[in-house]
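Chemist:
Numbering (my numbering), first residue to last: 7 to 267.
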């Protein structure tokens, strides 16, 4: 799972642009973040690829008032409203942005990234492919519940690993504590103006948990056989799901009136 998915940047800064909190130039710069200029393909009313600024302006003209994040995986189509063509593309990418706006007309944007160039001089070109999306009200997760789920999943995973004794006599608990204490104060939040403070905190926590999961994916701790390794992996599955749900809820919190502190 990406630390901050491309679709998350599109959702956060797209929402800030659509609500009038930032201008087009700042929004595009934050979304592209060092990539080559992003292009958008399949936009209603356009026959070819267009620039990101034009695309966001066109979506606003079409009545789009906001964007939500989707982070689906096989078996858990988190945030996907359908139809199958959009869902399949989003599942392949592992992420998407879904519009919110006029009843009956919604769209999904899926990033297609290509890295090219000689070693040491690589560039990333991203094309956002636009699909028709089903017009369904958001079913969550919402910020408060996702916040609680993430804390509970982290607690449960730690307790399960300690019971299984595959954490290396406390090494896992110490690693978790160190990562959660360490913070990332030198890094700016990926969220844009207009997001509540709780959403900022939840994104930061989810990013720390993602760091823990990344460490765990390459380390089997004290597991010494296939059974213990499988048990360890099973302990991480709910935590990974809670992390994705927390990111989806936090990036969608700008559209959730009850999320304000």
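By construction, the Cβ of each residue, glycine as well, lies at the ideal position given by its N, Cα and C atoms.
Following the continuous alpha helix (DSSP H) through residue 34, name the residue where it begins and the one where it ends.
Modeler: For this step, residue 34 is matched to residue 28 along the chain shown. Looking at the DSSP string, the run of the alpha helix (DSSP H) that includes residue 34 is 30-38.
Chemist: Give every residue of the same chain whose Cβ lies closer than 7 Å to the Cβ of residue 209, excluding the five residues on either side of it in the sequence, and list them in chain order.
Modeler: Counting from one through the chain shown, the residue named residue 209 turns up at place 203. So the qualifying residues of the chain are 195, 196, 197, 253, 256.
Chemist: Below 8 Å, how does it come out for the region 41-56 and the region 136-155: are there three or more Cβ pairs, yes or no?
Modeler: With three or more CB-CB distances shorter than 8 Å, the region 41-56 counts as touching the region 136-155.
Chemist: Do you know offhand how far residue 58's Cα is from residue 113's?
Modeler: Position 52 of the chain shown, counted from the first residue, corresponds to residue 58. Position 107 of the chain shown, counted from the first residue, corresponds to residue 113. Computed Cα separation, rounded: 15 Å.
Chemist: List the endpoints of the continuous beta strand (DSSP E) containing residue 23.
Modeler: Within the chain shown, the letter at position 17 stands for residue 23. That residue, residue 23, is in no beta strand (DSSP E); its alpha helix (DSSP H) goes 12-24.
Chemist: Below 8 Å on the Cβ atoms is my guess for residue 33 versus residue 22; work out the distance and round it to an integer in Å.
Modeler: Here residue 33 corresponds to residue number 27 of the chain shown, with the count starting at 1. Here residue 22 corresponds to residue number 16 of the chain shown, with the count starting at 1. Contact flag correct, Cβ pair sits at about 6 Å.
Chemist: Which residue comes first and which comes last in the beta strand (DSSP E) that contains residue 76?
Modeler: The residue labelled residue 76 in the question sits at position 70 within the chain shown. For residue 76, the enclosing beta strand (DSSP E) covers residues 72-76.
Chemist: Any idea what DSSP makes of residue 82, helix, strand or coil?
Modeler: By 1-based counting over the chain shown, the position of residue 82 is 76. The answer is strand: DSSP assigns residue 82 an E or B state.
Chemist: For residue 10, count neighbouring Cβ atoms within 10 angstroms of its own Cβ and tell me buried if that reaches 16, exposed if not.
Modeler: Your numbering for residue 10 matches position 4 in the chain shown. Looking at its Cβ environment, which holds 16 or more other Cβ atoms inside 10 Å, residue 10 is buried.
Chemist: Which of the three DSSP states is assigned to residue 117 in this structure?
Modeler: Looking up residue 117 in the chain shown gives position 111. Strand, per DSSP.
Chemist: Report, in whole angstroms, the separation of the C-beta atoms of residue 96 and residue 108, which I expect to be a contact under 8 Å.
Modeler: Here residue 96 corresponds to residue number 90 of the chain shown, with the count starting at 1. Here residue 108 corresponds to residue number 102 of the chain shown, with the count starting at 1. About 21 Å; that fails the 8 Å criterion.
Chemist: Tell me which same chain residues have a C-beta within less than 8 Å of the C-beta of residue 31, skipping the five on either side of it?
Modeler: For the purposes of this step, residue 31 is identified with residue 25 of the chain shown, where counting begins at 1. The answer, listed in chain order, is 59.
Chemist: Between which two residues does the beta strand (DSSP E) harbouring residue 139 extend?
Modeler: Numbered from its first residue, the chain shown carries residue 139 at position 133. Its beta strand (DSSP E) spans residues 129-139.
Chemist: DSSP state of residue 172, grouped into three classes?
Modeler: Locating residue 172 in the chain shown gives position 166, counting from the first residue. Annotation note: pLDDT 49 at residue 172 (below 50); position unreliable, coordinate value reported separately. Residue 172: coil per DSSP, three-state reduction.
Chemist: For residue 91, count neighbouring Cβ atoms within 10 angstroms of its own Cβ and tell me buried if that reaches 16, exposed if not.
Modeler: Start at 1 with the first residue of the chain shown, and residue 91 comes out as number 85. Under this definition residue 91 is an exposed residue.
Chemist: Just curious, the beta strand (DSSP E) that residue 103 is in, first and last residue?
Modeler: What you label residue 103 is simply residue 97 of the chain shown in a count that begins at 1. Counting along the chain, the beta strand (DSSP E) containing residue 103 begins and ends at 102-106.
Chemist: List the DSSP bridge partners of residue 45.
Modeler: In the chain shown, counting from the first residue as 1, residue 45 sits at position 39. BP columns for residue 45 point to 57, 133.
Chemist: Work out the CA separation of residue 53 and residue 220 for me, nearest whole Å.
Modeler: As a position in the chain shown, residue 220 is number 214, starting the count at 1. As a position in the chain shown, residue 53 is number 47, starting the count at 1. Going from the Cα of residue 220 to the Cα of residue 53 covers about 41 Å.
Chemist: Going by the beta-carbon positions, is the gap between residue 13 and residue 118 smaller than 7 Å?
Modeler: Taking the first residue of the chain shown as 1, we reach residue 13 at position 7. Taking the first residue of the chain shown as 1, we reach residue 118 at position 112. No, Cβ-Cβ distance for residue 13 and residue 118 is not below 7 Å.
Chemist: Relative to the C-alpha of residue 61, which candidate in 162, 115, 149 has its C-alpha closest?
Modeler: As a working note, residue 61 is residue 55 in the chain shown. Closest option to residue 61, Cα to Cα, is 115.
Chemist: Answer yes or no: do residue 131 and residue 55 have a C-beta to C-beta separation smaller than 7 Å?
Modeler: Translated into positions along the chain shown, residue 131 becomes position 125. Translated into positions along the chain shown, residue 55 becomes position 49. Cβ atoms of residue 131 and residue 55: not closer than 7 Å.
Chemist: Nearest-angstrom Cα distance between residue 258 and residue 40?
Modeler: By one-based count along the chain shown, residue 258 stands at place 252. By one-based count along the chain shown, residue 40 stands at place 34. Taking the straight line joining both Cα atoms gives about 24 Å.
Chemist: I think residue 260 touches residue 72, with their Cβ atoms under 8 Å apart; what is that distance to the nearest whole Å?
Modeler: Counting from 1 along the chain shown, the entry for residue 260 is found at position 254. Counting from 1 along the chain shown, the entry for residue 72 is found at position 66. About 7 Å; that satisfies the 8 Å criterion.
Chemist: Cα separation between residue 83 and residue 160?
Modeler: For this step, residue 83 is matched to residue 77 along the chain shown. For this step, residue 160 is matched to residue 154 along the chain shown. Looking at the two C-alpha atoms, the distance is approximately 22 Å.
Chemist: Give me, in chain order, the residues of the same chain whose beta-carbon lies closer than 6 Å to that of residue 25; leave out the 5 immediate sequence neighbours on both sides.
Modeler: Here residue 25 corresponds to residue number 19 of the chain shown, with the count starting at 1. Cβ neighbours of residue 25 beyond the five flanking positions: 200.
Chemist: Buried or exposed: residue 153, going by 16 or more other Cβ atoms within 10 Å of its Cβ?
Modeler: Taking the first residue of the chain shown as 1, we reach residue 153 at position 147. Around the C-beta of residue 153, 16 or more other C-beta atoms lie within 10 Å, and the residue is accordingly described as buried.
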